[in-house]
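Residue numbers (the numbering used here): 672 to 829.
All residues carry an ideal CB built from backbone N, CA and C; glycine is no exception.
Below: the structure, in structure tokens.
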């Protein structure tokens, strides 16, 4: 490993474990809260769909933001779709939770679990993307080292 490889930033194993554990805990808390949620089956089904909708749109939003970090690469319409999808998912899920006829303690539990899940999605998406980018950079550096190590008569030509 040379000095260029040591400049690649990677998350520690402890951080990766913490992120995955926290995400797993938040999914488990949401699932258990929804599984034992008192009330009507239709309300429970609505909340499960809402949580899944929020989960998928949060991953899409995290990817969109990261993809467009340096410069805009997506179309303006895709920007509208991603942000509107996330806002709609969060809004409808919040509305469904607010209007449910259950005890306030259940609403508080489901609300905190839901927000914990969404915050963990952004952390997990960032960690996975950082690892992917570090792998790509390392592969590029390895390819350059191998190209520099080839004798002149073995250098590939275009």
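Contact under 9 Å by Cβ, residue i with residue j
i, j, result
"residue 732", "residue 757", "yes"
"residue 726", "residue 788", "yes"
"residue 903", "residue 712", "Outside the displayed range of the chain (672 to 829) lies residue 903, so it cannot be described from this structure."
"residue 764", "residue 814", "no"
"residue 794", "residue 694", "yes"
"residue 805", "residue 681", "yes"
"residue 679", "residue 817", "no"
"residue 778", "residue 766", "no"
As assigned by DSSP and simplified to three states, the class of residue i
i, result
"residue 712", "helix"
"residue 687", "helix"
"residue 819", "helix"
"residue 707", "coil"
"residue 811", "helix"
"residue 771", "coil"
"residue 680", "coil"
"residue 672", "Confidence is the limiting factor: at residue 672 the pLDDT is only 46, short of 50, which leaves the residue's position unreliable and the question unanswerable from this model."
The ligand ADP heavy atom lying under 8 Å from the CB of residue i
i, result
"residue 680", "Summarising the ligand content, the structure contains no ligands, and the ligand ADP is consequently not present."
Cβ neighbours of residue i in the same chain (closer than 6 Å, five flanking residues each side left out)
i, result
"residue 719", "705"
"residue 735", "753"
"residue 709", "773"
"residue 673", "Note that residue 673 has pLDDT 49, beneath the 50 cutoff, so the model's placement of it is unreliable and the number below is only indicative. For residue 673, where only same-chain residues beyond five positions count, there are no Cβ hits under 6 Å."
"residue 700", "784"
"residue 697", "787, 788, 791"
"residue 776", "none"
"residue 807", "none"
Contact set for residue i: own chain, Cβ-Cβ below 7 Å, skip 5 residues either direction
i, result
"residue 800", "737"
"residue 792", "726, 729, 730, 733"
"residue 761", "725"
"residue 796", "730, 733, 734"
"residue 739", "745"
8 Å CB neighbourhood of residue i in its chain, flanking five on each side removed
i, result
"residue 798", "682, 686, 687, 690"
"residue 747", "none"
**Prompt:** Taking only runs of the beta strand (DSSP E) that begin and end inside the segment 720-766, which ones reach a length of at least 3 residues, in chain order?
**Reply:** none
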